[in-house]
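Trainee: Please read through the structure below; I'll follow up with questions.
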Amino acid sequence: MRVLILAAGQGKRMNSKIPKVAHKILDKPMVNWVIDVAQKVSEEIAIVLGNGFEIVKQLIDPSIAIFEQKEQLGTAHAVMCAKDFLKKGDNILILYGDVPFISKETLDLLQRTHIEHNNDATVLSVVLDDPTGYGRIIKNSKNQLIKIVEDKDSSENEKNIKEVNTGIAIFNSEKLKDALDKVKPQNVQGEYYLTDVFLFLDKTEVIQLENNAEVLGVNDRIQLAEVERKIRMEIMKKLMLSGVTIVDPYSTYISPDVEIGIDTIIQPQTFIYGRTIIGENCEIGPLTRILNCKIGNKVKIIRSECELSEIKDNVKIGPFSRLREGTFLEENVKIGNFVEIKKTHIATNSKAQHLTYLGDTYVGKNVNIGAGTITCNYDGRKKYETFIDDDSFIGSNASLVAPVKIGKNTLIGAGSVITKDVPDDSLALGRAQQVNKLNWVKEKWKNNLKGE
Ligand code: UD1
Ligand code: CA
């Protein structure tokens, strides 16, 4: 079976300059939701793009074949633009780019039924309390489709039908090709409707789906928010049943590709996105955002931002820490408030607890980074590296001007500006010596007690 995704439409009802399928649900563009499920059921996938061609092209896996629909003349016309993809003797599954939450299990069921019953086409339907906007299913008592009537073309009686077309259907490729040639744009919208091919197919079965959350279409931003909420709750229910505590699901956002180990607690107002993996017994949040991170067991992250970072067991982060791309924290590291870290590896048991920037740096084991330490890694043109070896102590408010190497077991005096390498076991001071002027203040004010 091949899969064809239709995603050329503009999405007029979104009122957007961005194509509809590029809008994000849980930080993942809608089109990628559809592609991900397509990739679970088939290796041969194609997509029809039109509106915002370049924007959408950049979002998708380059192995997917792209067909262009220059003018959007309707869903049947979109399929015609990919005619070369309809292979003889094969079946083709059509997915809509704006129906993002369809599951692999449902697609498997659709495919199985289609093959077992030797259908020309098998269509997925659902019953909705409010079917407005959807095509209505007209079928006989044996679940054989007679026709689909679009909302805008329907009579008063037809409008009362609550069983609707999800847009998801599987076809015998050869028969679909022939039927497409017969479709005419004779309807209110003047479009070539894919739903009209059923007029020319003999054996079309309707499968009615129980879970309507899977097939909700996104046509405007209200539906975008509704679909996101439904999907979000489903993802969190699965996680909770698998052993994750989510203290307040209503203020928590977790992407579908996130994995979380048992007995981890997710505190309120937390956002976990991308392909993040979190181990067991962690406590994440409140007020935390994590994107594409790999996190071990027993890690605590409070009120912080973490992106593209790897964090080993027993690490403590926050409150108010920011881990940027390329941060690697080994076991037992502690990162505290107002500490920013980028492209930096910190080895076991080291700490940077207050007001620090570490960029392009290696920090060895058992190092203490004092409050206010800054690695000066950028000279306005290039970035340079800092190396801090094991067991060193960096005094508060030190500036380490990169490139620079701090040896093992060293002590850097507070307030130092370090521009030269420091050998092992040394004390380095890089600041003006203190001068005490005895009685200076007393002398100054001696004849003017009021200080005027
Ligand atoms: C469509 C179905 C309707 C169904 C509903 C389910 C048709 C005619 N109607 O209506 O029966 O109940 O989906 O959500 O198919 N597209 C193109 N090229 C085009 C037009 C559309 O690629 O020329 C793509 C869109 O990007 C979108 C999908 O096809 O991903 C569906 O198009 P849309 O205009 O949203 O159809 P609906 O009115 O929702
Ligand atoms: Ca739609």
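Residues 15 to 466 in our numbering are what the sequence shown spells out, letter by letter.
Note that CB positions come from ideal geometry on N, CA and C, so glycine has one too.
1. CA-CA distance, L393 and Q281?
2. Kindly identify the DSSP beta-bridge partner or partners of G66.
3. Compute the minimum distance between the beta carbon of Q83 and the heavy atoms of ligand 1, and state whether it is under 7 Å.
4. With 16 other CB atoms within 10 Å as the buried threshold, where does I39 fall?
5. Based on DSSP bridge pairs, tell me the residues matched to A92.
6. Across the region 169–187 and the region 66–76, are there enough close Cβ pairs to call them in contact, namely three or more that are closer than 8 Å?
7. Contact between the region 106–120 and the region 141–151: three or more CB pairs below 8 Å?
8. If distances are taken between C-alpha atoms only, which option among D98, L208 and F342 comes closest to E58?
9. According to DSSP, simplified to helix, strand and coil, what is F334?
10. Going by other Cβ atoms of all chains shown within 10 Å of its Cβ, with 16 needed for buried, is Y264 buried or exposed?
11. Using the rule of at least 16 other Cβ atoms within 10 Å of the residue's Cβ for burial, across every protein chain shown, is Q24 buried or exposed?
12. Could you tell me which residues DSSP puts in a beta bridge with R16?
13. Could you give the uninterrupted runs of the beta strand (DSSP E) lying entirely in the region 287–332, keeping only those of 3 residues or more?
14. Quick check: is any heavy atom of ligand 2 less than 7 Å from the C-beta of Y110?
15. For E228 and I221, what's the separation of their Cα atoms in angstroms?
16. Taking the alpha helix (DSSP H) that D122 falls in, what are its first and last residues?
17. For I274, count neighbouring Cβ atoms within 10 angstroms of its own Cβ and tell me buried if that reaches 16, exposed if not.
18. Excluding five sequence neighbours on each side, which residues of the same chain lie with their C-beta closer than 6 Å to the C-beta of S413?
19. Between the C-alpha atoms of P300 and I315, what's the straight-line distance to the nearest angstrom?
20. Check whether the Cβ atoms of D134 and M15 sit closer than 8 Å, and answer yes or no.
21. For ligand 1, is there a heavy atom less than 7 Å away from the beta-carbon of L369?
22. Under 7 Å: does the beta carbon of N233 sit that close to some heavy atom of ligand 2?
23. Using a Cβ distance threshold of 8 Å, determine whether the region 81–90 contacts the region 199–214, with at least three qualifying pairs required.
24. Starting from A52, follow the alpha helix (DSSP H) in both directions and report where the run begins and ends.
25. Excluding the five sequence neighbours on either side, which residues of its own chain have a C-beta within less than 6 Å of the C-beta of T370, listed in chain order?
26. Helix, strand or coil for Q72 per DSSP?
27. Is the Cβ-Cβ distance between A358 and L372 less than 8 Å?
28. With distances taken from CA atoms, which of I260, K42, R289 and T266 is nearest I279?
29. Alpha carbon to alpha carbon, how far is E224 from I74?
30. From which residue to which residue does the alpha helix (DSSP H) around R150 run?
31. Going by other Cβ atoms of all chains shown within 10 Å of its Cβ, with 16 needed for buried, is S169 buried or exposed?
32. Any chance the region 193–202 sits against the region 124–133, with 3 or more Cβ pairs inside 8 Å?
33. Name the one or two DSSP bridge partners that T259 has.
34. Who are the near neighbours of G14 in its chain, counting only those whose CB is closer than 6 Å to its CB and skipping five residues on each side?
35. Taking I106 as the reference, which of L20, V241, E321 and V313 has the closest Cα?
Mentor: Concretely, from the data shown:
1. According to the sequence displayed, residue 393 carries Asp and not Leu. Using only the alpha carbons, I get a separation of about 40 Å.
2. G64
3. yes
4. buried
5. A92 is not bridged to any residue.
6. no
7. no
8. D98
9. coil
10. exposed
11. Looking at its Cβ environment, which holds fewer than 16 other Cβ atoms inside 10 Å, Q24 is exposed.
12. I106
13. 302–305, 319–321 and 323–325
14. yes
15. Cα to Cα, E228 sits roughly 14 Å from I221.
16. K118 to E130
17. buried
18. Closer than 6 Å at Cβ, skipping near neighbours: I388, C390 and V431.
19. In this model, P300 and I315 are separated by some 8 Å (Cα to Cα).
20. No.
21. no
22. yes
23. The region 81–90 is in contact with the region 199–214.
24. M44 to V55
25. If we look at T370 and ignore the five residues flanking it on each side, its Cβ neighbours are V353, I383 and T387.
26. helix
27. A quick correction: the sequence has Thr, not Ala, at residue 358. In contact: T358 and L372 (Cβ atoms closer than 8 Å).
28. I260
29. 30 Å
30. Counting along the chain, R150 falls outside any alpha helix (DSSP H), though it belongs to the beta strand (DSSP E) covering R150 to K153.
31. S169 comes out exposed.
32. no
33. I279
34. No answer is possible for residue 14: the residues shown for the chain start at 15 and end at 466.
35. L20
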